[in-house]
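Colleague: Structure below; questions to follow.
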Amino acid sequence: MDDPTFKIAVSSYALNRKIPPGDPFWKDFNGSFQNKTLSCLELADSVYTGHPFTTWHNHHWRTSANYDQGQHLALDFDTEDNRSSLPILRQDHFVAKHAAFLYTTPSHTPAAPKARVVFLLDTPIMQAKNYVLAVSALLWLNGTADRQCKDPVRFFYGSRDCDVIYLENVLPLATIKHIIGQYLETGQTTRRAMQRPDWRPPTDQQEVAEALRAIPPWGIDYDQWLACLMGIHAEFGDAGLPLACAWADGGPNEVERKWKSFKPSGNGQGSISIATVFALAMQHGWQKRTV
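What the sequence shown shows, in the numbering used here, is residues 204 to 494, in sequence order.
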């Protein structure tokens, strides 16, 4: 019986470094992906030799508007402790049952483990919005994963000479749909809690809470989500944590972990403040109170 194959776009470049922001090489890189049909071992070999991969896209240009279909999902684990080590991740029930392979990412070190778990689907996801929803649901299920993984054509770097664990499982699309259903119901529960008539933030936080209701936590990119948390922290300090948790719809302890990474003195340069939250809320239709 032939090994199953999967539709993956792989870059022709084998990289040994991350591409810096603003580097002119991005133009060549974004046009370097080729839509391929690969087995699990063939994809893992591409990763091992340093080739980035992403979803199939059209017109030889990697952008969300050109998304064609996706047959893989991947999660990054960057906690730099045992939770991001291959042996621990392999023991996770969901990973053991459904992951195709795991590998250490380029910035991994034994003292600060980092890893990526790759899932290969039995059926491609044909619409970009459904692919993003699948990634969001998988992130929700795995609370320690890096939530930056929501772009439908986000690429993942290969990792030359990395450590790899092959599991060669195939994740049924039906399982992903079930997880999406659970994720949507949980998210609705969280949003309902914040919208209850009896839910009241402290008086000085009420206007911010109203602004946050306009911002969908899973409908913005990671940097914007993080900036909202930083803006709340800059304005209220630790007193703003309940408000942040009520809005952010994060995984278990995700908001608390981010919160602890913020400096007690706030954002030193003042470039992120509560005004950042208000500006984003206005983009989503919220109107600031007038006195």
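Glycine residues also receive a C-beta, built at the ideal position from the N, C-alpha and C atoms.
Just so we're clear, the structure is a prediction, and the values are computed from it rather than from any experiment.
(1) Cutting at 6 Å between CB atoms, please list the residues of its own chain near H254, excluding the five before and the five after it.
(2) In this structure, what does DSSP give as the bridge partners for H301?
(3) Do W259 and K501 come within 7 Å of each other at the CB atom, strictly closer than that value?
(4) Under DSSP, the alpha helix (DSSP H) around N456 begins and ends at which residues?
(5) Excluding the five sequence neighbours on either side, which residues of its own chain have a C-beta within less than 6 Å of the C-beta of T326, listed in chain order?
(6) Could you compute how far the alpha carbon of T479 sits from the alpha carbon of V250?
(7) Considering only C-alpha positions, which residue in the set V373, N261 and K230 is nearest to K239?
(8) If you compare alpha carbons, which of D354, W343 and L483 is closest to S458?
(9) Looking only at its own chain, which residues have a Cβ that is under 6 Å from the Cβ of D284, when we skip the five neighbours before and after it?
(10) Quick one: which unbroken beta strand (DSSP E) runs of 3-plus residues sit fully inside the segment 272-324? Chain order, please.
(11) May I ask you to list the residues that DSSP assigns as paired with Y369?
(12) Work out the CA separation of A277 and I328 for me, nearest whole Å.
(13) Have a look at Q272 and S339 and give me their C-alpha separation to the nearest angstrom.
(14) Taking only the alpha-carbon atoms, compute the straight-line gap between L246 and T257 and give it to the nearest angstrom.
(15) List the whole-angstrom C-beta distance separating F304 from Y386, where the pair is believed to meet the contact cut-off of C-beta under 8 Å.
(16) By how many angstroms is the C-alpha of L415 removed from the C-alpha of D206?
(17) First and last residue of the alpha helix (DSSP H) that includes T479?
(18) Please list the terminal residues of the continuous alpha helix (DSSP H) segment that includes F358.
(19) Taking C-alpha atoms, which residue in G488, G440, N219 and N372 lies nearest to V298?
(20) If you follow the beta strand (DSSP E) that I435 is in, where does it begin and where does it stop?
(21) Select from P224, A331 and D441 the residue whose C-alpha is nearest the C-alpha of P355.
Modeller: Let's see:
(1) When the five nearest sequence neighbours on each side are left out, the beta carbons in the same chain lying within less than 6 Å of the beta carbon of H254 are those of V213, S214, A217 and G361, in order along the chain.
(2) Answer by DSSP bridge pairing: none, since H301 is not bridged.
(3) Past the boundaries of the shown model lies residue 501; the chain is included only from 204 to 494, so the question cannot be answered.
(4) Unbroken run through N456: none, as it is neither H nor E.
(5) These residues qualify, in order along the chain: L376.
(6) Spanning the two alpha carbons is a distance of roughly 38 Å.
(7) Cα-wise, what sits closest to K239 is N261.
(8) For the sequence presented, residue 458 should be read as Val rather than Ser. The option with the nearest alpha carbon to V458 is W343.
(9) Answer for D284: no residue qualifies.
(10) Qualifying beta strand (DSSP E) stretches, in chain order: 304-307.
(11) Answer is F304.
(12) Their backbone Cα atoms lie some 14 Å apart in a straight line.
(13) Each residue's Cα considered, the two are about 17 Å apart.
(14) Their Cα atoms are separated by approximately 11 Å.
(15) About 24 Å; that fails the 8 Å criterion.
(16) Take the alpha-carbon of D206 and the one of L415: they are about 48 Å apart.
(17) Counting along the chain, the alpha helix (DSSP H) containing T479 begins and ends at I477 to Q486.
(18) Bounds of any alpha helix (DSSP H) do not take in F358, whose DSSP letter is neither H nor E.
(19) Sorting G488, G440, N219 and N372 by C-alpha distance to the C-alpha of V298 places N372 at the top.
(20) Unbroken run through I435 is the alpha helix (DSSP H), Y425 to F439; no beta strand (DSSP E).
(21) When only C-alpha atoms are compared, the closest one is A331.
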